[in-house]
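For reference, the structure is listed below as structure tokens.
There are 2 protein chains.
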Amino acid sequence: MRIEINEAVQFLRSHDDYLILMHASPDGDTLGCGFALCGALQRMGKRARAVCPDQIPHRFDYMREGITEQEFEEKTIVAVDVADTKLLGDMKALGDKTSLCIDHHVSNTEYAEMLLLRENYAAAAELMYEVLLALGTDIDRTIANCLYTGIATDTGCFKFSNTKPQTHIYAAKLMECGADIAPINYAMFELKTQGRIKLEQEVLRNMKYFGDGHVAVISVMLDTLAKITDIDSDDVGAMAAIPRQIEGVDIGISIKEKKPGVFKASLRSSERIDVSVIAQQFGGGGHARASGCSFECSYEETEKRIVAACCEALKQAGII
Amino acid sequence: MRIEINEAVQFLRSHDDYLILMHASPDGDTLGCGFALCGALQRMGKRARAVCPDQIPHRFDYMREGITEQEFEEKTIVAVDVADTKLLGDMKALGDKTSLCIDHHVSNTEYAEMLLLRENYAAAAELMYEVLLALGTDIDRTIANCLYTGIATDTGCFKFSNTKPQTHIYAAKLMECGADIAPINYAMFELKTQGRIKLEQEVLRNMKYFGDGHVAVISVMLDTLAKITDIDSDDVGAMAAIPRQIEGVDIGISIKEKKPGVFKASLRSSERIDVSVIAQQFGGGGHARASGCSFECSYEETEKRIVAACCEALKQAGII
């Protein structure tokens, strides 16, 4: 059932003993919403804990500052920024017991009893800010840091087209509540481990161009990763953005060796090409500008097949 | 003489035949202010042209969309985002004839007859937005694009500590005036030339660490640049941000060879260090988190002197 903010507020006020679910492979938005709501409920005198099926990277540690570890038996389940119970990993079973979901994904499967959805919002944290304002909780520095992080990370720090005037207005208000933006943005967008710098050098050194420079391919091989210490999955995932950032490139391909003989190709594209169509040809999928698919063959064969499909798409689009 | 906005507006209304000076090595802020003011004055029925001592990179071409090339003899000189006549390159002589300077640099030398300064603003474009509002000119899409670019580029797309609530509020207002943020931000922050990619690889390969890893130094030498085609001054300037992005680094130093025996050191720092103080020791200046200074000696001597000063600052701050 779709509900509005006042109904969500009424629900949150009249229940207790909250379990707040955040999605697997957690990002700044699900964590920001989860910890902000958890902190707000605790400040209202309620018991609450926020949980995630996957480990939370250390760069998000500051979000827990205002949270108290409480002993209680959970009675009320709320999911934040979780579009589908499939995104709950090994907590999937809890998804079907969710009373309230607060989300901004158009793809939300309406699995929760009550759904508060704003599909035109850049971040679920924008909606959570509205919920907390309506709840009347004090948005202190810690909560402001959580919500600001959600907004900043889901918009590429206000760079992407999902950023709206409202996004900036809420960022301004959260700064006035004490959000400490410079260290947050440094940790989210600038900081690179020495391992990541080494990996970037390695992948750039082996980058190849195809289709008159409209396609760029990088590869992340297991033997390369084995040579680099001080690297995490975030660092590896960040490589996917690199080839598409190069001038003239319409399709950026990052081929990652998952295990010997198994490769994952991540595709990123300009507005001239829909890469979800290309990924679908190989049983994959995703968004028009970011998609992926898997191959079980040699690296050479993987590269040959995905590059051929991309060049064909460029031809059909009249680009080459 | 320091003046306020109403006086600047009165001046701009009562004069004509404007030459607008933008600083050498132009960035998004000086260009955004220059072309926004030029467009606004032209829409008021006045004659105006905005000039820059250096070539303007093509990625800023969209800023000229609203500008008409006019034939006239310049009578009134206005400088925007120009802190010092030294920053006017071979137009330096015009600096002393400047009637009005609109700027946000605390280091402004007050060379102009009248100075409108907001040293606490992140971008001169924020001040220019206030001036154009007070002038009553229509902030159309082209002017909004110019001013948004100035604000976005001077704040690292709202990432840096100079970003204030006002910065976000003005960004929201400029979006409502039609600023087309996604392509601007892609061109400013994501797009890289193939030459830039090659240069990044080269500087990363030679990066050095000092002060227990709290200082990282890269160098951009003329013989390296000579080997790379497809590169512009922007690409070279962008290198300055790289060393400070590495985990654990408090001071990032980029040393650029301007000509044989002449080097420019660009400093970037964490909140723990004020690099403007370090730059001043060598006759340079700038902001607390980003400053620069020049050396006339060998590369080795340049590196030795600037690294020693940085390590001393780290010691005084109790970091090493």
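From first to last, the protein sequence lines stand for chains E and W. Going by my numbering, the final residue of the first sequence carries number 867, and the count climbs one at a time with no gaps. Going by my numbering, the final residue of the second sequence carries number 867, and the count climbs one at a time with no gaps. All C-beta atoms in this analysis are idealised placements derived from N, C-alpha and C, irrespective of residue type, glycine included.
Reference residue i, options the options, closest by Cα
| i | options | result |
| --- | --- | --- |
| Asn732 of chain E | W:Arg852, W:Glu673, W:Glu818, W:Ala812 | W:Glu818 |
| His562 of chain W | W:Met768, W:Ile765, W:Asp727, W:Leu647 | W:Leu647 |
| Ser801 of chain E | E:Met722, E:Thr776, E:Leu746, E:Gly636 | E:Leu746 |
| Gly581 of chain W | W:Ala670, W:Phe829, W:Ser823 | W:Ala670 |
| Gly865 of chain E | E:Ile765, E:Ser823, E:His761 | E:His761 |
| Gly575 of chain E | E:Ala672, E:Lys622, E:Asp631 | E:Ala672 |
| Ile567 of chain W | W:Ala587, W:Ile550, W:Lys862, W:Ala681 | W:Ala587 |
| Glu794 of chain E | E:Thr771, E:Asp759, E:Ala773 | E:Asp759 |
| Asp643 of chain E | E:His652, E:Ala626, E:Gly784 | E:Ala626 |
| Thr917 of chain W | W:His652, W:His651, W:Glu657 | Residue 917 of chain W lies beyond the range of chain W shown here (548 to 867); nothing can be said about it. |
| His834 of chain E | E:Ile820, E:Glu723, E:Leu738 | E:Ile820 |
| Glu666 of chain E | E:Met675, E:His652, E:Ala597, E:Thr714 | E:His652 |
| Ala726 of chain E | E:Thr714, E:Gly830, E:Leu694 | E:Leu694 |
Integer Cβ distance of residue i from residue j, believed to fall under 8 Å
| i | j | result |
| --- | --- | --- |
| Val796 of chain W | Ala763 of chain W | 5 Å |
| Phe705 of chain E | Cys704 of chain W | 6 Å |
| Leu663 of chain E | Met548 of chain E | About 10 Å; that fails the 8 Å criterion. |
| Ile698 of chain W | Tyr717 of chain W | 6 Å |
| Met569 of chain W | Leu578 of chain W | 6 Å |
| Thr689 of chain W | Gly799 of chain W | Rounded, the Cβ-Cβ distance is 35 Å, inconsistent with contact. |
| Met591 of chain W | Asn692 of chain W | Rounded, the Cβ-Cβ distance is 19 Å, inconsistent with contact. |
Environment of residue i [buried if 16+ CB atoms lie within 10 Å]
| i | result |
| --- | --- |
| Pro573 of chain W | buried |
| Ser845 of chain E | exposed |
| Glu677 of chain W | buried |
| Gln741 of chain E | buried |
| Lys633 of chain W | exposed |
| Thr615 of chain W | exposed |
| Lys720 of chain W | buried |
| His605 of chain E | exposed |
| Glu749 of chain E | buried |
| Asp777 of chain W | exposed |
| Ser780 of chain W | exposed |
| Asp608 of chain W | exposed |
| Glu850 of chain E | buried |
| Ala773 of chain W | exposed |
Residue i and residue j closer than 8 Å at C-beta
| i | j | result |
| --- | --- | --- |
| Ala787 of chain E | Arg815 of chain E | yes |
| Gln602 of chain E | Ala595 of chain E | no |
| Leu635 of chain W | Ile624 of chain W | no |
| Gly839 of chain W | Ser654 of chain W | no |
| Glu804 of chain W | Leu751 of chain W | no |
| Ile649 of chain E | Ala583 of chain E | no |
| Ser841 of chain W | Lys806 of chain W | no |
| Thr702 of chain W | Thr696 of chain W | no |
| Asp637 of chain E | Pro600 of chain E | yes |
| Met735 of chain W | Pro790 of chain W | no |
| Gln828 of chain W | Ala856 of chain W | yes |
| Leu861 of chain E | Ile853 of chain E | no |
| Asn553 of chain E | Ala659 of chain E | no |
| Arg836 of chain W | Val822 of chain W | yes |
CB contact check: residue i to chain W, cutoff 8 Å
| i | result |
| --- | --- |
| His715 of chain E | yes |
| Arg752 of chain E | yes |
| Cys858 of chain E | no |
| Ala704 of chain E | The question names Ala, but residue 704 of chain E in the sequence shown is Cys. Output row for Cys704 of chain E: interface = yes. |
| Cys787 of chain E | In the sequence under discussion, the amino acid at residue 787 of chain E is Ala, which differs from the Cys named in the question. No, because no Cβ of chain W sits closer than 8 Å to the Cβ of Ala787 of chain E. |
| Phe736 of chain E | yes |
| Ala835 of chain E | no |
| Ala719 of chain E | yes |
| Asn732 of chain E | yes |
| Glu554 of chain E | no |
| Glu677 of chain E | no |
| Lys739 of chain E | yes |
| Ile867 of chain E | no |
| Ile744 of chain E | yes |
| Ile793 of chain E | yes |
| Met569 of chain E | no |
| Glu657 of chain E | no |
| Glu723 of chain E | yes |
Closer than 8 Å to chain E by CB, residue i
| i | result |
| --- | --- |
| Ser801 of chain W | no |
| Glu620 of chain W | no |
| Pro712 of chain W | yes |
| Ile853 of chain W | no |
| Glu673 of chain W | no |
| Glu749 of chain W | no |
| Glu818 of chain W | yes |
Beta-carbon neighbours of residue i, restricted to chain A and to distances below 8 Å
| i | result |
| --- | --- |
| Ser708 of chain E | No chain A appears in the structure shown, which is made up of the protein chains E and W. |
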